[in-house]
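Protein chains in written order, with the working numbering: chain U, 64 to 386; chain S, 64 to 386.
See the structure below:
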């Protein structure tokens, strides 16, 4: 196959995939870098990983800034490791297009796990465009999956659409809340209240935890559910002391079982694959645009729109018609 | 032209545009609804508005939840109205795909302006997909622009990519911060610190305002700027008491003047028009996919990907090749 093809550094993608599958952390890191940098080898990486992915439970971890996502992620890693599971952590920073890199402020405490060979930790910046997250994350997840991770924790930085995009790529989504984050409607506004498979009230030793619990319960009671649907549990934790984390792991395991039995796992994975294929197809069409027309043609059309001679729909039609 | 074409309700788009230009708020509302609902008349609306847009200053208002965006927007409306300007307000809620509507919690105080015929206020939900914001917002802005608004305030709900997307569509971006929002890195994580043209420290009568000011200054001092570049000012406000809002309006006016003189206004508008044309072109290609292949073909490809028989790049190639 492509085993003879060598990357610029003289390593073939198939060798990297082989080594990643055997648990070599440097091979895992290299593969994720190839994905993140949109390397010319991306297609080859994608093809090389395809046969080996599909085993990991992908867990999205979302919640407003300050709620303790990193601490909770770290505590979850520790607890999952105790049960002998191989764990991947992908910290995605989709909202930092202007700095070009993930902020490392509170990644520091993940250092506890940095020397554990059964834990892969990776920060990823998705470099600014809305498509970035949709495009790079599934490939990076596939690397960790092929490397034999049983659970992959995906933590996003920031709230809003990026959170929802991550939830769309996860098998199970943890929504973290904490007391004293301002009134409930502010949290609801972030759009993250509806997407949880498991709700975690972190910092539950603080005043107001019961209030948060009531708000989540009220919100959940409004959702329509059929017989056999998953009923999202609410777990209270103090992640900094690892309190309640066992229960979160247990609920994740329950959710995984439910996903398989109900057929929802298959449905979610088909939906994700569809989205991914479409995203790649559209990206490839966009570059075909650029190849066909160059930047000048688009500039001309843009100029016509801003002077009112044309409108964006007519301009788009002209662009599409010439393909 | 299209004057003879009637919408289902028996009103022609050209009539609506005429009435909107004369300041009829119902016509403005109807046009925005047509845009928001992706009405079949969307193209006609777009064409009808094209000649009349391009005069308004589009001001994006961003900041973390709880910072006082709605209060500040309301105070800005009041101050702008005192100078006789016609004002549009577009509250975009891109992060609420699951509820299908904008949350109205703190819209209530905008009621102060609800009876002012020179103020248009509109909440928009963009219904869940990442492209939603990019697609509907520019058209809604064009409606308000054609209706003669001098300034359009665009306020988003939620932070993260949606904020950045809004900043990409604005002429001037206000970034709101306030004391006591947690440590600076949390705010920076939201990715909104880099995108401001004007920084507003709201709730500046609270302890910690100077700390926030120092943090913003430090961050701004790190940015590379050339001679003639805009230097973002930092304004302190207490929006609930309208304190400092005059100064924000003044800085907005300064920024508008700088945009025109420096040529940056033209550059930003060309960039926006390009993005808009591309977004529409890609959307139209997506529906061409659907027409050509139906859902079944994409399901087959997705199935091949999740079973490891294919990979997403190969699947996307198959999709594109058949166009």
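Glycine included, every Cβ here is placed at the ideal spot set by N, Cα and C.
Would residue i pass as a contact of residue j if the rule is Cβ separation under 7 angstroms?
i	j	result
residue 45/U	residue 265/U	Outside the displayed span of chain U (64 to 386) sits residue 45/U, for which this structure offers no information.
residue 121/S	residue 218/S	no
residue 126/U	residue 238/U	yes
residue 200/U	residue 232/U	yes
residue 116/U	residue 205/U	yes
residue 183/S	residue 216/S	no
residue 82/U	residue 92/U	no
residue 301/S	residue 268/S	yes
residue 312/S	residue 142/S	yes
residue 345/S	residue 344/U	no
residue 203/U	residue 371/S	no
residue 212/U	residue 154/U	no
residue 333/U	residue 365/S	yes
residue 348/U	residue 348/S	yes
Step through the CB atoms of chain S and report whether any lies within less than 7 angstroms of the CB of residue i.
i	result
residue 218/U	no
residue 277/U	no
residue 364/U	yes
residue 361/U	yes
residue 309/U	no
residue 312/U	no
residue 378/U	yes
residue 77/U	no
residue 354/U	no
residue 137/U	no
residue 348/U	yes
residue 375/U	yes
residue 343/U	yes
residue 94/U	no
residue 199/U	no
residue 382/U	yes
residue 368/U	yes
Exposed or buried, residue i, counting other C-beta atoms within 10 Å across all chains shown (16 or more means buried)?
i	result
residue 350/U	exposed
residue 68/U	Bear in mind that the predicted position of residue 68/U carries a pLDDT of just 49, short of 50, making it unreliable; the figure below should be weighed with that in mind. So residue 68/U counts as exposed.
residue 325/S	exposed
residue 373/U	buried
residue 335/S	buried
residue 289/U	exposed
residue 131/S	buried
residue 277/S	exposed
residue 359/U	exposed
residue 107/U	buried
residue 103/U	exposed
residue 136/U	buried
Taking only beta-carbon positions, decide if residue i is within less than 7 angstroms of chain U.
i	result
residue 371/S	yes
residue 154/S	no
residue 339/S	yes
residue 235/S	no
residue 114/S	yes
residue 110/S	yes
residue 332/S	yes
residue 292/S	no
residue 403/S	Since the first residue of chain S shown is 64 and the last is 386, residue 403/S is not available in this structure.
residue 207/S	no
residue 83/S	no
Smallest Cα separation from residue i: which of the options?
i	options	result
residue 304/U	260/U, 210/U, 271/U and 138/U	138/U
residue 263/S	79/S, 99/S, 335/S and 295/S	295/S
residue 339/U	82/U, 109/U, 314/U and 184/U	109/U
residue 286/U	204/U, 300/U, 358/U and 258/U	258/U
residue 78/S	212/S, 131/S, 111/S and 316/S	111/S
residue 314/U	380/U, 345/U and 236/U	236/U
residue 291/U	360/U, 344/U and 327/U	327/U
residue 381/S	337/U, 382/U and 140/U	337/U
residue 210/U	88/U, 341/U and 270/U	88/U
residue 362/S	347/S, 378/S and 348/S	378/S
residue 369/U	329/S, 365/S, 155/S and 243/S	329/S
residue 129/U	376/U, 342/U, 243/U and 323/U	243/U
residue 342/U	146/S, 375/S, 316/S and 322/S	375/S
residue 152/S	97/S, 187/S and 270/S	187/S
residue 331/U	136/U, 234/U and 145/U	234/U
residue 146/U	323/U, 352/U, 322/U and 309/U	309/U
Kindly give me the distance between the Cβ atoms of residue i and residue j, rounded to whole angstroms, as I take these residues to be in contact under 8 angstroms.
i	j	result
residue 95/S	residue 185/S	5 angstroms
residue 150/S	residue 99/S	About 20 angstroms separates the two Cβ atoms, so there is no contact after all.
residue 54/U	residue 260/U	Here chain U has residues from 64 to 386 only, and residue 54/U is not among them.
Got a sec: does the ligand GDP put a non-hydrogen atom nearer than 6 angstroms to the Cβ of residue i?
i	result
residue 147/U	The ligand GDP is not among the ligands present in this structure, which contains no ligands whatsoever.
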